[in-house]
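What follows is a set of notes on a single structure, which appears directly below.
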Amino acid sequence: MKALILVGGFGTRLRPLTLKHPKPLVEFANKPMILHQIEALKAIGVTEVVLAINYKPEEMMNFLKDFDTKLDIKITCSQETEPLGTAGPLALARDKLIDDSGEPFFVLNSDVISEYPLKLMIEFHRAHGGEASIMVTKVDEPSKYGVVVMEESTGKVKRFVEKPKAFVGNNINAGIYLLNQSVVDRIELKPTSIEKEVFPKIAAENKLYAMALPGFWMDIGQPMDYIAGLRLYLDSLRKKSPSKLAIGPHIVGNVLVDETAEIGEGCLVGPDVAVGPGCVVESGARLSSCSLMSGVTIKKHACISSSIIGWSSTVGQGTRLEKTVLGEAVHVKTSLEGVVYVCDDFYSNGGAVFPDREMESSNLKPESNV
Ligand code: GDD
Ligand code: MG
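Below you can see the structure in the form of structure tokens.
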């Protein structure tokens with residue numbers, strides 16, 4: 072069985088992390104996002120993964136070159152010369168996807184995280200006999216997703232509306248599809264949206280079916296959702312493989328600490344924290360709801376919450392960061408004793424710091440009354 076992962080897109084909503092690295096290589100729970108997906112595909116018997124790429128292909132292929140052998144799965148690349156959207160890449164990869172086996176293939180958005188119940192999806196697809204299956208999940212705020220109106224008893228999709236302006240329902244497209252090879256024949260080799268141009272047509276022919284995704288789900292392509300997704304992922308890990316979570320006097324709740332990271336005396340780490348490879352968290356630091364990418368140093372008594380700290384960055388002694396995304400190699404210098412700084416908006420210049428910067432923490436948005 073084969074799969075195609077849509078790894079194009081510029082990842083603008085996850086800047087500044089995506090300024091230096093393609094979004095699928097941004098670490099989530101101490102592992103590049105795309106590895107979570109490739110491992111899940113491998114686990115259910117997928118033998119070849121096609122990466123539909125249009126942005127920074129060299130870095131991606133360079134990173135993945137050893138994984139074919141490590142994971143024993145064929146990884147190939149289908150490279151666009153212009154962005155082909157979410158359907159055009161299927162037409163471009165036609166020769167890789169269509170073969171004599173006649174088997175359906177998976178398509179995944181690269182930024183969705185879940186328990187990937189792909190085996191169940193194969194069973195669902197076989198049972199309904201339609202042309203395409205999509206996974207759906209329920210959310211409170213559906214307007215930023217594709218909304219699916221379906222017959223609850225059979226899953227038959229009546230309507231698919233991408234990013235609706237008015238409320239149509241709260242079952243949304245989870246970005247995980249299983250498609251018959253015939254779907255490729257519906258797509259021309261030009262920029263095309265699977266959500267706007269392909270699914271509505273298949274639905275109109277009563278051949279599109281939706282399956283409710285069991286377990287958690289999140290599109291982690293935006294900072295706030297990335298942090299919410301980390302909490303859900305760690306909750307799920309607690310239930311499925313609790314031994315992977317850190318334990319100890321300084322750990323609170325669900326925390327993942329890479330074995331090469333160091334945590335100093337008197338720290339309080341958690342809940343919902345991922346500390347990546349080679350990180351150093353010095354004594355007395357406090358971390359909650361945050362992710363430290365590899366090589367980050369948190370100096371003594373710094374306090375970080377609801378934040379993502381990019382590769383090899385340093386947060387100075389006593390500095391407090393909240394709702395902040397630091398790009399790669401940002402060095403926030405030690406704050407003055409007794410002064411506390413809070414960046415309270417991910418999207419303001421203060422809340423998202425571009426890579427390769429050195430800055431006084433007073434350059435971040437100060438909130439003196441904390
Ligand atoms: N190869 C390639 N080329 N990939 C692309 C391109 C392109 O031109 N444009 C986007 N992609 C990839 C992105 O990298 C991502 O993996 C996927 O297609 C979806 O793009 P996003 O930009 O993340 O879309 P979205 O999050 O706004 O909406 C999509 O995902 C939601 C679920 O998270 C839609 O599929 C919605 O219907 C869905 O609900
Ligand atoms: Mg997305």
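Here the sequence shown stands for residues 72 to 441, where the numbers follow the numbering used here.
The C-beta atom is built at its ideal place from N, Cα and C for all residues, glycine as well.
Since the structure is predicted, the reported quantities are computational estimates derived from the model, not experimental observations.
For the pair Asn242 and Val207, the CB atoms are nearer than the 7 Å cut-off. With a threshold of 6 Å, the Cβ atom of Gly217 does not count as near the ligand MG, since no heavy atom of the ligand is closer than that.
For the beta strand (DSSP E) assignment, the uninterrupted runs of no fewer than 3 residues enclosed by the region 285 to 321 are, from N- to C-terminal side, 288 to 290.
Here Val228 is bridged, per DSSP, to Met221. Residue pairing from DSSP places Val344 in a beta bridge opposite Val326 and Cys361. A Cβ-Cβ contact shorter than 7 Å links Asp329 with Pro348. Inside the region 123 to 181, DSSP marks whole beta strand (DSSP E) runs of 3 or more residues at positions 145 to 150 and 176 to 180, from first to last along the chain. At least one heavy atom of the ligand MG sits closer than 6 Å to the Cβ of Gly292. Under the three-state reduction of DSSP output, Pro271 falls in the helix class. When rounded, the separation of the alpha-carbon atoms in Glu276 and Val117 is 29 Å. Judged by DSSP in its simplified three-state form, Val207 adopts strand.
Annotation: Leu168 to Gly82 spans about 25 Å, alpha carbon to alpha carbon.
Judged by the Cβ position, Asp171 fails to qualify as a neighbour of the ligand MG at the 6 Å threshold, every heavy atom of the ligand being at least this far.
Under the Cβ criterion (8 Å, minimum of three pairs), the region 386 to 398 counts as touching the region 361 to 375. The nearest non-hydrogen atom of the ligand MG is less than 6 Å from the C-beta of Asp182. The alpha carbon of Asp211 has as its nearest neighbour, out of Ser185, Val232 and Phe238, the alpha carbon of Phe238.
Ile369 and Glu353 do touch by the CB rule: their CB atoms are close to 6 Å apart, below 8 Å. The shortest C-alpha to C-alpha distance from Tyr280 to any of Gly324, Val254, Thr225 and Ile146 is the one to Thr225. By the Cβ-count criterion, Glu130 is exposed, with fewer than 16 other Cβ atoms from all chains shown falling within 10 Å of its own Cβ. Put simply, the backbone Cα of Val344 is about 42 Å away from that of Asp166. Beta-bridge partners of Lys73 (DSSP): Glu119. Collapsing the DSSP output to three states places Phe81 in coil. For Lys102, DSSP records a beta bridge to Phe99. Residue state for Val352 is assigned as strand, using DSSP reduced to three classes. With contacts defined as CB atoms closer than 7 Å, Asn180 and Leu260 fail to qualify as a contacting pair.
Proximity of the beta carbon of Thr208 to the ligand GDD is not indicated: no heavy atom of the ligand is located closer than 6 Å. Pairing Lys113 with Leu142 gives a Cβ-Cβ distance under 7 Å.
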